[in-house]
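Trainee: For my numbering, add 2 to where a residue sits in the sequence shown, where the first one is 1.
The beta-carbon is built from N, C-alpha and C at its ideal position, and this holds for glycine as well.
Computed from a prediction, not measured in an experiment: that's the story for all the values here.
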Amino acid sequence: LAARTVVRNTDWKDNLALYSSAVQAVPNSSKMHSNLGGEYMIRDQFDLARKEFQTALHINPEAPDALSSFGLLEFRQGNYQAAGALMEKALFMSGRDNPHYDSMVVDFAEVLARTNHVDGALAYLNREIAELPGYARAWSSRAMIQFKRGEFAAARTDAETALRVNPGILTSGHHYVAT
Numbered sequence: 003l004a005a006r007t008v009v010r011n012t013d014w015k016d017n018l019a020l021y022s023s024a025v026q027a028v029p030n031s032s033k034m035h036s037n038l039g040g041e042y043m044i045r046d047q048f049d050l051a052r053k054e055f056q057t058a059l060h061i062n063p064e065a066p067d068a069l070s071s072f073g074l075l076e077f078r079q080g081n082y083q084a085a086g087a088l089m090e091k092a093l094f095m096s097g098r099d100n101p102h103y104d105s106m107v108v109d110f111a112e113v114l115a116r117t118n119h120v121d122g123a124l125a126y127l128n129r130e131i132a133e134l135p136g137y138a139r140a141w142s143s144r145a146m147i148q149f150k151r152g153e154f155a156a157a158r159t160d161a162e163t164a165l166r167v168n169p170g171i172l173t174s175g176h177h178y179v180a181t
């Protein structure tokens with residue numbers, strides 16, 4: 003058992019090593035392929051990420067987290083229509099019981115904002131803020147949209163709320179849309 007633990011400890015070196023090992027151990031796990039794709043995406047290895055998300059969705063086409071993550075990849079690569087379709091499907095397959103639901107809502111709203119569906123984006127963000135007022139990303143994303151619309155007072159209020167809710171939001175790396 004001790005030797006086995008030592009061998010497995012190398013799998014925990016980082017998330018990439020962990021998920022790579024998990025995919026080898028459980029090759030038919032949609033979740034593990036999706037997680038590995040996410041790690042590749044973080045490292046800007048988009049071709050490898052795409053392959054893992056496609057594998058995850060081949061195994062389970064109804065995996066909302068894989069759909070949403072694949073949507074983020076499409077978004078980062080400028081494929082906004084594909085991103086929106088994937089994220090919308092993921093969102094409608096999920097609910098508050100999914101631990102990633104709130105992030106899915108804000109990600110989808112940001113895609114809507116980027117594709118000039120600002121009213122739809124604001125509707126999602128307004129609902130998200132009403133349902134989970136402690137989620138700083140929703141406040142921050144809404145502030146960015148309001149700023150771009152010239153609604154400076156509202157943008158400032160929302161940005162201040164985002165910072166009050168999560169003072170570390172400026173360093174979290176979750177601001178990539180609303181342009």
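Can you give me the C-alpha to C-alpha distance between Glu133 and Gly40, rounded to a whole angstrom?
Mentor: Cα to Cα, Glu133 sits roughly 27 Å from Gly40.
Trainee: Return the CA-CA distance between Glu54 and Gln79, expressed in angstroms with no decimal places.
Mentor: Roughly 16 Å between the two C-alpha positions.
Trainee: What is the DSSP secondary structure of His60, reduced to helix, strand or coil?
Mentor: Look at His60 here: in three-state DSSP terms it is helix.
Trainee: Could you compute how far the alpha carbon of Asp46 sits from the alpha carbon of Asn37?
Mentor: 14 Å
Trainee: Enumerate, from N- to C-terminal direction, the unbroken alpha helix (DSSP H) stretches of 4 or more residues contained entirely within the segment 112-146.
Mentor: Listed in chain order, the complete alpha helix (DSSP H) runs (minimum 4 residues) inside the segment 112-146 are 120-133.
Trainee: Examine chain B for any beta-carbon lying closer than 8 Å to the beta-carbon of Tyr42, and answer yes or no.
Mentor: Checking the listed chains, one finds no chain B in this structure; it contains a single protein chain.
Trainee: So, for Gln83: in the same chain, excluding its five sequence neighbours on each side, which residues have a beta-carbon less than 8 Å away from its beta-carbon?
Mentor: Thr117
Trainee: How is the alpha helix (DSSP H) around Arg78 delimited, first residue to last?
Mentor: Pro66 to Arg78
Trainee: For Arg187 and Leu124, which I take to be in contact (beta-carbon distance under 8 Å), what is that distance rounded to the nearest angstrom?
Mentor: A query on residue 187 cannot be resolved here, the shown segment of the chain reaching from 3 to 181 and no further.
Trainee: Return helix, strand or coil for Gly217, following the three-state DSSP convention.
Mentor: Outside the shown range of the chain (3 to 181) lies residue 217, about which nothing can therefore be said.
Trainee: Answer yes or no: do Pro66 and Ser96 have a C-beta to C-beta separation smaller than 8 Å?
Mentor: yes
Trainee: Distance, Cα to Cα, Ser31 vs Ala51?
Mentor: 15 Å
Trainee: Taking Tyr21 as the reference, which of Pro29, Met34 and Lys15 has the closest Cα?
Mentor: With distances taken between Cα atoms, Tyr21 lies closest to Met34.
Trainee: Checking 8 Å against the spacing of the C-beta atoms, do Val108 and Glu130 come in under that value?
Mentor: yes
Trainee: Put Val107 into one of helix, strand or coil per three-state DSSP.
Mentor: helix
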